[in-house]
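**Q** The letter at position 22 of the sequence shown is residue 22 when you use UniProt numbering, and the numbering goes up by one with no holes.
Even glycine gets a Cβ: it sits at the ideal position worked out from N, Cα and C.
First the structure, then my questions, so here it is.
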Amino acid sequence: MPLFKDSLERNRIPQVSLSALLNRFVQQELHHDVQTGHFHRYRLHKLPYCLILVMKRFVKSNFVWEKNISIVHFPIRDWNMAEYLSTPLRTESDGIVYDLTAVVVHDGEPNGGSYRCHVRHKASDSWFEIQVRNCIHHRKILYQQE
């Protein structure tokens with residue numbers, strides 16, 4: 001995968017697809033939990049009407065919080081989740097295709113910073129950025145279809 005440089009043009013920022021992350025989560029191997037010593041296998045058996053995915057971006061290491069700045073590429077429309085299910089669903093009407101409706105972004109350091117949200121307005125098919133500081137501000141943004 002290509003790499004982006006940060007705003008200072010010196011550090012490389014890794015990229016990964018959301019599909020690759022989910023493939024690691026639902027793979028056939030057992031996952032070892034270092035804290036408990038147990039092994040787990042994760043599978044998706046049923047999908048909800050509204051799918052919310054949360055990616056852990058902050059990790060505490062050596063008494064310091066670090067932020068994972070990897071860029072995650074995600075599909076905007078018609079993301080078919082059938083391949084991630086443990087048993088195949090009969091039809092697409094069973095709710096396995098999703099459209100992206102919002103993304104929450106953290107700007108700044110792990111111990112501070114702010115959040116902003118990109119939200120799709122379904123009627124106009126436009127994307128807006130909402131920032132919450134002292135007031136609510138929105139501006140129209142564009143997303144590229146991968």
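Helix, strand or coil for ALA123? Go by DSSP, reduced to three states.
**A** Reduced to three states, the DSSP call for ALA123 is coil.
**Q** Closer than 8 Å is the cut-off here; do at least three beta carbon pairs connect the segment 49-60 with the segment 30-41?
**A** At 8 Å Cβ cutoff, the stretches do not touch.
**Q** Since TYR115 sits in a beta bridge, which residues does DSSP pair it with?
**A** DSSP lists HIS106 as partners of TYR115.
**Q** Using the three-state DSSP reduction, which class does residue 160 fall into: helix, strand or coil?
**A** The requested residue 160 does not occur in the structure, where the chain is confined to residues 1 to 146.
**Q** What do you reckon, are the CB atoms on HIS73 and SER17 nearer than 7 Å?
**A** Cβ distance < 7 Å, so HIS73 and SER17 count as in contact.
**Q** Per the DSSP calculation, LYS60 is bridged to which residue(s)?
**A** Answer is TRP65.
**Q** Could you check what DSSP says for ARG12 in three-state terms: helix, strand or coil?
**A** Here ARG12 sits in strand by DSSP.
**Q** Which one or two residues does DSSP pair with PHE39 in a beta bridge?
**A** In DSSP, PHE39 forms a bridge with HIS32.
**Q** If you follow the alpha helix (DSSP H) that SER70 is part of, which residue opens it and which one closes it?
**A** Unbroken run through SER70: none, as it is neither H nor E.
**Q** Between which two residues does the alpha helix (DSSP H) holding ARG24 run?
**A** Per DSSP, ARG24 belongs to the alpha helix (DSSP H) from 18-25.
**Q** Grab me the residues of LEU22's own chain with a C-beta within less than 7 Å of its C-beta, minus the 5 sequence neighbours each way, in chain order.
**A** Hits under 7 Å: TYR84.
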